[in-house]
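FYI, in numbering that gives the first Met the number 0 the residues of the sequence shown are 0 to 517. Encoded as structure tokens, the structure appears first; notes follow it.
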Amino acid sequence: MATPQERFAAALHKLKDLQDRNEVAITVADLPNRVYREILLKNGFIKEVIKGWYVSSDPTVGPGETTSWYSSYWDFCVKFLNSRYGNDWILSADQSLRIHAGNWSVPAQLFLRSPNGNNNPTSLGHNTSLFNYRADLPASELITVEKGIRMYSLQGALIYCSAASFGGNGLDARTALSLIRDASELLPVLLENGHSVIAGRLAGAFRNIGRERIADQIIETMRQAGYDVREDDPFQTRLAIDLSSRERSPFVNRIKLMWQQMREEVIQDFPASLGLPKDHEAYLDDVDSMYVTDAYHSLSIERYRVTPELIERVSSDTWNTQGSAEDRRQKDAMAARGYFQTFQVVKESVKKILNGKNPGGQVDQDHPRWYRELFDPSVAAGILKASDLAGYRNNQVYISNSQHVPLSVDAMRDCMPVLFELLEAEPEASVRAVLGHFVFVFIHPYMDGNGRMGRFLMNAMLASGGYPWTVIPVEKRDEYMKALEQASVEQNISAFSRFVTYLVNEGLNGKPVAVLPQ
């Protein structure tokens, strides 16, 4: 009879086989041995989502941790729905529109339709659920499959989504509209089905985003065919922005739309710019005086266990990975030393900005070096390879406990130049600081270090408006992360803008919120 240790090892071996086959959702059929399932469940290597369905999990995290579920969500749904309905299911038009617009955030409730639907919710993990309407599928030409997900085509999603998708979720709707190059992509379905009301709504929507030609073509063609079409703008507001009609990826226009949609709120929240400080040395001295506080809080936000004493030690000549085995092994010391090195090169960037360099252009040029310095101690100690610091990530990344799914590798590479173009063209330092930080972590261009890089970017942009170096306190980590989550998932920048504004105002009044522990 196998010992408990042997059964545990066998169960882990079976789980590894499933993971090697990229089986994200694990069923009883995948893991038929009940003893193995119980061992893996008890030790936290798998979690049950619904009866008989599991996902892999990290046994070292707490019971409320959501990353394993959110990172598995879409793959799980595909396998579960295929198992239940075969090919007889499709996401709702509204949810399809979100995905066409590049919004892969995990929804609280995923709406779909199937001839075999039951019109009842199916509860999943962490307060998420599926709701499957019993309804016929659309014509095959209106169905597309992406990453295994059966959904409406872009044209079908725009035509059959609800009016609320425009009024309540303008960012996704405008992004999807921007992908349409000509009215002929929509008119066949509108004409064949006599969708005069929908045609009027789409014409108004296209005119809202500056696509006058498409709007006119829809109206004229429908009327010529004998339909009474009345144009109606479904959006609540209008944005003055030039969206490229040549972009076949939604992400570039999505980033531009987010920036334009959010910037006015930041301007309203923030105190007026002080302009570049006249005494550059005094400003840089103030930055230097914030180093230990900044490093302590920024590293603590990322869950490193650091103390002011460790920070002082790694920023001095006494820190030596060659001579000290403890320094060489200690990941917290590595992170602290990398932070010190990055802080020094960020100061060089700030000095150039104070001397009149364009802030966006300067950070675009300098941020690869910031990143290299952040992880250079780990390379020097042989923990990382030099090639790990070559540039942006080459794999998908997920954010701990976040419903937001960062951009794919290809989309990320499309959008990073756009971020710096926006920073370079933006006249308001407050917008550069708040949206620069937010969009950077929204894109998440690196496998690690994105939060620290985003906060450095924020402070470089604050310097361009004469605002003080601002530290986000670790005591407010939950508020900070929740505000970023709200901006990423709901496209609502209010909480994050007010959060940064509060910290900057306190600094301007000589009462910085972040302090060192006593």
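In this text, a Cβ means the ideal position worked out from N, Cα and C, and glycines have one as well.
Tell me residue i's beta-bridge partners as DSSP assigns them.
i    : result
M150 : T143
L129 : L109 and T121
S55  : I45
A24  : V54
Is it buried or exposed, residue i, if we count other Cβ atoms within 10 angstroms and call 16 or more buried?
i    : result
S399 : exposed
S177 : buried
R180 : exposed
I25  : buried
Q18  : exposed
I49  : exposed
L14  : buried
T469 : buried
G199 : buried
V433 : buried
N118 : exposed
G203 : buried
A486 : buried
D16  : exposed
G169 : buried
S386 : exposed
V27  : exposed
A162 : exposed
S82  : exposed
How many whole angstroms separate the CB atoms of residue i and residue j, which I take to be in contact at a CB cut-off of 8 Å?
i    : j    : result
S122 : F110 : At roughly 15 Å, the Cβ-Cβ gap does not stay under 8 Å, so S122 and F110 are not in contact.
V417 : V251 : 5 Å
D93  : S164 : 5 Å
H436 : L406 : Contact flag wrong, Cβ pair sits at about 16 Å.
L422 : P358 : 7 Å
L201 : L157 : 7 Å
I471 : I300 : 7 Å
G166 : P106 : With a Cβ gap of about 18 Å, G166 and P106 do not count as contacting.
Using only the alpha-carbon positions, how far apart do residue i and residue j sit?
i    : j    : result
A175 : P249 : 7 Å
A462 : Y501 : 17 Å
L238 : M415 : 22 Å
R479 : R497 : The amino acid occupying residue 479 in the given sequence is Tyr; Arg does not appear at that position. Cα-Cα distance, rounded: 11 Å.
M460 : S297 : 17 Å
V306 : Y295 : Here the sequence assigns Thr to residue 306, which means Val is not the residue at that position. Approximately 7 Å between the Cα atoms of the pair.
G509 : Y290 : 17 Å
R336 : V396 : 25 Å
S314 : Y338 : 9 Å
H125 : S401 : 11 Å
R133 : Y84  : 12 Å
R253 : K384 : 34 Å
G274 : K351 : 15 Å
L129 : S152 : 21 Å
V344 : F419 : 19 Å
I218 : H99  : 24 Å
S377 : H403 : 29 Å
G101 : M257 : 12 Å
I240 : R173 : 11 Å
N490 : N354 : In the sequence on display, residue 490 carries Gln and not Asn. Rounded to the nearest angstrom, the two C-alpha atoms are 35 Å apart.
S67  : D447 : 17 Å
R304 : E5   : 36 Å
Y282 : P276 : 7 Å
V54  : S288 : 47 Å
R97  : Q154 : 13 Å
I213 : L141 : 20 Å
A379 : L373 : 12 Å
Q364 : V473 : 29 Å
K356 : H194 : 54 Å
K346 : E308 : 22 Å
V286 : D171 : 39 Å
Determine, using beta carbons only, whether residue i comes closer than 8 Å to chain C.
i    : result
N207 : Although the question refers to chain C, the structure presented lacks it and comprises just one protein chain.
Cβ contact check for the stretch 363-376 and the stretch 35-49: 3 or more pairs under 8 Å: no
Touch test, the stretch 426-437 against the stretch 383-403, Cβ-Cβ under 8 Å, three pairs minimum: no
Three or more C-beta pairs below 8 Å linking the stretch 213-231 and the stretch 72-81: The stretch 213-231 vs the stretch 72-81: no contact.
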